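Trainee: Chains as they are written, first to last, in our numbering: chain A, 230 to 422; chain B, 230 to 422.
Beta carbons: idealized from backbone N, C-alpha and C, even for Gly.
The model shown is predicted, which means the values in this text are computed figures rather than measured ones.
Below is a structure I'd like to ask you about.
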DNA sequence: AAAAACCGTTGACAAAAATCAACGATTCTC
DNA sequence: GAGAATCGTTGATTTTTGTCAACGGTTTTT
């Protein structure tokens with residue numbers, strides 16, 4: 230159990246068997262069926278999760294009830310409404326399962342205790358945050374600076390697995406486009422080759 | 230010297246006078262005249278900086294030579310091309326001074342040594358990253374989910390000082406809009422009141 | 001196994017944003 | 001202090017994107 234969680238951890242910071250056992254005490258497994266919520270808007274995000282199996286998406290609803298996808302998570306990725314998790318305020322994001330999922334949960338309490346007692350955990354979180362920030366920065370830079378077709382190609386290269394696995398209208402939403410526009414962007418790209 | 234740097238640090242993690250003195254050894258002051266570069270695309274970002282006085286902007290150039298502003302920094306903010314800084318790869322961002330500036334620089338080497346030797350520094354950086362990530366996440370969420378007028382108002386509230394201090398066409402660029410469109414958005418907002 | 005929901009694409013049209021040009025009013029620069 | 005550059009706005013036009021509707025082909029649900 231928790232294979233991917235510790236694989237990802239060890240890629241950043243090597244852990245001894247004892248350290249792994251220590252951390253395991255703070256983790257909780259959770260299974261989620263397709264379409265089930267991991268988090269609903271208004272609730273406090275009490276845990277962040279790592280995806281062992283399956284796929285999640287995060288989205289916000291606008292005033293007309295339309296969904297706008299803000300993030301995805303596939304195997305090995307970590308997801309949560311970070312603002313809500315850190316500040317213990319109501320979440321603005323909804324997170325639900327695109328496929329049946331196996332998750333590893335770290336509760337806020339577990340997170341705080343690990344942060345206090347285990348320097349390696351803090352280092353891991355720091356590195357995770359740094360990587361997440363760099364990735365989001367790149368996404369944002371592409372959003373404002375690349376024309377649509379280049380942006381789509383850049384995103385494809387940034388998240389190749391994701392784009393194969395997730396319906397295109399969700400990719401469109403993630404990019405801030407209508408499904409029809411993305412479909413036309415794709416057809417323009419294939420015509421120009 | 231370094232007043233704002235240590236003020237910001239102490240807001241997160243309280244430092245003793247000895248600890249401040251220790252950190253000071255790793256810092257370098259730098260003055261920058263308006264329009265001077267802090268970083269140019271293609272160079273490796275060897276330092277991140279905290280702004281003691283003045284204002285910076287970061288931008289990328291597209292294939293037609295147009296600028297797209299990716300970030301600003303006012304007094305107390307930290308800025309750099311993080312990806313380039315961490316990975317020691319050529320920067321994709323340009324950073325220059327919008328006003329005459331006084332900066333505090335942390336070189337990559339200083340950063341790495343502090344990270345190794347001083348747990349409080351790592352904690353500070355972790356918190357800085359976390360805050361930066363949450364802020365960027367909010368910006369990204371607004372970008373894809375809010376209609377233009379609401380987005381502008383949300384950004385105004387998110388960065389009130391910035392919006393007073395920086396020319397509007399740069400705000401437009403930061404939001405991924407043309408200057409003319411932002412001007413019209415603003416006039417629509419004032420007319421509806 | 002049948003019905004329902006979902007998916008991606010296309011066409012016609014409407015709405016939104018970019019572009020180009022011009023203007024007066026600062027503000028910088030020399 | 002004069003000339004040049006920058007700034008924000010507005011109008012006219014073009015381009016881009018969203019919206020609405022329809023379709024055939026999946027996949028899900030029951």
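By the criterion of Cβ-Cβ separation under 8 Å, what are the contact partners of residue 315 (chain B) in chain A?
Mentor: 359 and 363
Trainee: Taking the alpha-carbon of residue 329 (chain A) as reference, which of A:285, A:291 and A:305 has the nearest alpha-carbon?
Mentor: A:285
Trainee: Taking all protein chains shown into account, do 16 or more other C-beta atoms lie within 10 angstroms of the C-beta of residue 323 (chain B), making it buried, or fewer, making it exposed?
Mentor: buried
Trainee: Where in the stretch 243-290 of chain B do unbroken runs of the alpha helix (DSSP H), each at least 4 residues long, occur, reported from the N-terminal end onward?
Mentor: Counting only runs of 4 or more, we get 246-253.
Trainee: Leaving out five residues on either side along the sequence, give the residues of the same chain with a beta carbon under 6 Å from the beta carbon of residue 309 (chain B).
Mentor: 274 and 277
Trainee: CB-CB under 8 Å to residue 381 (chain A), same chain, minus the five flanking residues each way: which ones, in chain order?
Mentor: For residue 381 (chain A), the CB contacts under 8 Å within the same chain, skipping 5 residues up- and downstream, are 404, 411, 414, 415 and 418 in chain order.
Trainee: Quick one: list the residues of chain B neighbouring residue 412 (chain A), beta-carbon separation under 8 Å, in chain order.
Mentor: For residue 412 (chain A), none of the residues of chain B pass the 8 Å Cβ criterion, the least Cβ distance being about 18 Å.
Trainee: Secondary structure at residue 328 (chain B), three-state DSSP: helix, strand or coil?
Mentor: coil
Trainee: Check whether the Cβ of residue 454 (chain A) lies closer than 8 Å to any Cβ atom in chain B.
Mentor: With chain A running from 230 to 422 in the structure shown, residue 454 (chain A) is simply not present.
Trainee: Quick one: which residues of the stretch 296-328 of chain A get their C-beta closer than 7 Å to a C-beta of chain B? List them in chain order.
Mentor: 297, 299, 311, 312 and 315
Trainee: Roughly how many whole angstroms lie between the Cα atoms of residue 326 (chain A) and residue 304 (chain A)?
Mentor: 12 Å
Trainee: I need the DSSP call for residue 410 (chain A), collapsed to helix, strand or coil.
Mentor: helix
Trainee: Which one or two residues does DSSP pair with residue 336 (chain B) in a beta bridge?
Mentor: B:276
Trainee: Give the straight-line distance between the Cα atoms of residue 295 (chain A) and residue 321 (chain A), rounded to the nearest whole angstrom.
Mentor: Residue 321 (chain A) has its alpha-carbon roughly 14 Å from the corresponding atom of residue 295 (chain A).
Trainee: In angstroms, rounded to a whole number, what distance separates the CA positions of residue 265 (chain B) and residue 332 (chain B)?
Mentor: 13 Å
Trainee: How is the alpha helix (DSSP H) around residue 232 (chain B) delimited, first residue to last?
Mentor: Segment 232-241, the alpha helix (DSSP H) holding residue 232 (chain B).
Trainee: What in chain A is Cβ-close to residue 372 (chain B), meaning under 9 Å?
Mentor: 369, 372, 373 and 405
Trainee: Assuming residue 365 (chain B) contacts residue 365 (chain A) (C-beta within less than 8 Å), just tell me the rounded distance between them.
Mentor: 5 Å
Trainee: For residue 245 (chain A), would you say it is in contact with chain B, using Cβ-to-Cβ distances shorter than 8 Å as the test?
Mentor: no
Trainee: Please classify residue 281 (chain B) as buried or exposed, where buried requires at least 16 neighbouring CB atoms within 10 angstroms.
Mentor: buried
Trainee: Which residues of the stretch 338-357 of chain B have a Cβ closer than 8 Å to any Cβ of chain A? Give them in chain order.
Mentor: 348, 351, 352, 354 and 355
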